[in-house]
Amino acid sequence: MNGDCDVNQSVHDGHRTAALVLAGGRSSRMGQDKALLTLPMAGQTGEALTLLQQTCSVAERCAAHTYVLTPWPAKYASRLTSTVILLKEEAAGAGPLVALAQGWSMILAQSQRRDQEIPDWLLLLACDMPALDTTTIQQWQEQLKTIDENAIATLPKAGDRWEPLCGFYHRRCIPSLNKALADNIRSFQRWLATETIVPLSSADSNMLRNCNTPVQWQQFLDFINARNP
253 MNGDCDVNQS VHDGHRTAAL VLAGGRSSRM GQDKALLTLP MAGQTGEALT LLQQTCSVAE
313 RCAAHTYVLT PWPAKYASRL TSTVILLKEE AAGAGPLVAL AQGWSMILAQ SQRRDQEIPD
373 WLLLLACDMP ALDTTTIQQW QEQLKTIDEN AIATLPKAGD RWEPLCGFYH RRCIPSLNKA
433 LADNIRSFQR WLATETIVPL SSADSNMLRN CNTPVQWQQF LDFINARNP
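The sequence shown begins at 253 in the numbering used here and counts up one residue at a time.
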């Protein structure tokens, strides 16, 4: 699953990047595990990839270390390469804002335990975005060199709403994130509205689509089939 980009590409002038893939949703609206839906496009090995495998593949091309936070690590372990680090989600069902805080905490602990450099930035990705584009994310990553030092994150924006599950969070977001959770804030939009966020350059709106229902999944498959008749 490793891409052909050296992991050193995830280090720009000291801006070290790790990736966190969230795979903790119960997929109740989909009726089956979204992470294990099979994409119609083959991976580098020629085998069909699941949504989770594809997301991790993109993440590994952009980050020195890729983590998956899930309540069910054993369920996914055999489906991922040994380079992907599985983290056990302790607050299953608490939502992605809590997951981000837990992910940061566990990644910092893992880095110290393994004597690895602590990441400056965390690329946060939901596992239900089938059209993620590596090139776009790497272009976004180049912008990390010049981010305002007061910014806690850099994210794409759709209208007046941030797209919080496909972007970069700096380590300095942690105190603010923990305070928001202590104040019982569980909404990304409420938290981000009080912080300095740098908007990322526009992305193809299709790249940011997610699939929560069978109808949305079929719409994506129809889009792919129309593009590749």
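Note that the Cβ used here is the ideal one computed from N, Cα and C, for glycine as well.
Grab me the residues of residue i's own chain with a C-beta within less than 6 Å of its C-beta, minus the 5 sequence neighbours each way, in chain order.
i: T307; result: V273, L377, C379
i: R268; result: E369, P371, D372
Rounding to the nearest angstrom, what Cα-Cα distance links residue i and residue j in this structure?
i: L473; j: L360; result: 38 Å
i: E342; j: Q354; result: 8 Å
i: Q470; j: A270; result: 32 Å
i: P466; j: F475; result: 14 Å
i: L352; j: I399; result: 20 Å
i: N363; j: A478; result: Checking the sequence shown, residue 363 turns out to be Ser, not Asn. C-alpha separation (whole angstroms): 44 Å.
i: T406; j: S439; result: 17 Å
i: L396; j: A275; result: 25 Å
i: Q441; j: S453; result: 19 Å
Please name the residue or residues paired with residue i in a DSSP beta bridge.
i: F420; result: L375, T406
i: A270; result: H317, L374
i: T322; result: K340
i: R413; result: A410
Can you list, in chain order, the residues of its chain whose CB lies under 8 Å from that of residue i, leaving out five sequence neighbours each side?
i: L384; result: Q306, T307, V310, L377, C418, M459
i: N402; result: T448
i: L332; result: M253, L304, Q305, C308, V320, L338
i: M358; result: Y319, L321, L339
Excluding sequence positions up to five away, which residues of its chain have a Cβ less than 7 Å from the Cβ of residue i?
i: K409; result: E415, P451
Contact between the region 413 to 427 and the region 351 to 371: three or more CB pairs below 8 Å? Touching, yes, given that three or more Cβ pairs across the two stretches are closer than 8 Å.
Is there contact here, the region 271 to 291 with the region 312 to 329, by at least three beta-carbon pairs under 8 Å? Cβ pair count under 8 Å is three or more, so yes.
Starting from the N-terminal side, write out each stretch of the alpha helix (DSSP H) that is 4 residues or longer and does not extend beyond the region 326 to 365. The region 326 to 365 contains these whole alpha helix (DSSP H) runs: 348 to 365.
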